Amino acid sequence: MEQDTPTTPPPTRSLLARLATRVVHGYFALARGMTMGVRAACFDDAGRIFLVRHSYVPGWHMPGGGIERGETALEALAKEIREEGNLVTGTPPVLVHVYFNRQTSKRDHVLLYRCDGVVQTAPRLRDREIVEAGFFALDALPVATTAATRRRLEELAGRAPLADFW
């Protein structure tokens, strides 16, 4: 996998991406009182983190997504890491923290889990949702890794206190 060059600035969210986020969360506002999602800090045995780059939002992110009605947080987590990376956990996921994601909406919360010993069962091929995915050394993250992802990694490393906001 080719990594970004250090001279490439992180992209900003496009108007279309911001509009799509508003529309989706508008629907969820009618269908749900609050939205909740999961994100997974997936580390392989070499200590590398798994990140994905979506087609609809800029930057590299930890895999994750919304918790659907009738689904537990751990079921949603297992589904998202399987769908976004063909990943399975080696040890049970550990809940790190619950964040309020006020940039997405005034009702969105994210559960961050740490998953160690993660194994990729097959390469993650490009599709309409995931443009690129892969494991990265913590000292060699793609330049376009989002600020929120970088903050979460600092928290996980114990170099920053856990924040309340994503």
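At position 37 of the sequence shown (counting the first as 1) the number is 37 in UniProt numbering, and the numbers step up by one without a gap. Ideal Cβ placement from N, Cα and C applies to all residues, glycine included. Keep in mind the model is a prediction, meaning the values are calculated, not measured.
Please state whether the Cβ-Cβ distance between residue i and residue j is less than 8 angstroms.
i: C115; j: A46; result: no
i: Y113; j: F165; result: no
i: G85; j: F50; result: yes
i: G117; j: T145; result: no
Throw me the rounded Cβ distance for the residue i and residue j pair, which I believe falls under 8 angstroms.
i: I67; j: A78; result: That belief does not hold up - the Cβ atoms of I67 and A78 are roughly 12 angstroms apart, past 8 angstroms.
i: S55; j: R107; result: Actually they do not touch by this definition, with Cβ atoms about 25 angstroms apart.
i: V57; j: A122; result: Wrong, their Cβ atoms sit about 24 angstroms apart, outside the cutoff.
Taking just the CA atoms, how far does residue j sit from residue i?
i: T35; j: R82; result: 21 angstroms
i: Q103; j: A73; result: 21 angstroms
i: L156; j: S105; result: 25 angstroms
i: G134; j: V52; result: 7 angstroms
i: A147; j: G70; result: 32 angstroms
i: R124; j: R39; result: 18 angstroms
i: P161; j: P142; result: 23 angstroms
i: L111; j: A163; result: 12 angstroms
i: P92; j: F136; result: 21 angstroms
i: V131; j: E80; result: 15 angstroms
i: H109; j: G37; result: 6 angstroms
i: G158; j: A140; result: 19 angstroms
i: L19; j: G33; result: 21 angstroms
State the DSSP-derived secondary structure class of residue i, mapped to helix, strand or coil.
i: residue 181; result: What is shown of the chain runs 1 to 166, which leaves residue 181 out entirely.
i: Y99; result: strand
i: A160; result: coil
i: G117; result: coil
i: A78; result: helix
i: L111; result: strand
i: G131; result: Reading off the sequence, residue 131 comes out as Val, not Gly. The answer is strand: DSSP assigns V131 an E or B state.
i: E2; result: Per-residue confidence for E2 stands at a pLDDT of 45, beneath the threshold of 50, marking its modelled position as unreliable; no derived number is given.
i: G90; result: coil
i: V38; result: strand
i: T146; result: coil
i: R53; result: strand
i: G85; result: helix
Return yes when at least one heavy atom of the ligand FMN lies under 7 angstroms from the C-beta of residue i, else no.
i: L19; result: With respect to small molecules bound, the structure shown includes none, and the ligand FMN cannot be examined in it.
Could you tell me whether the stretch 60-69 touches the stretch 149-164, using the rule of 3 or more Cβ pairs below 8 angstroms? yes
Are the stretch 14-25 and the stretch 91-98 touching, with three or more C-beta to C-beta distances below 8 angstroms? no
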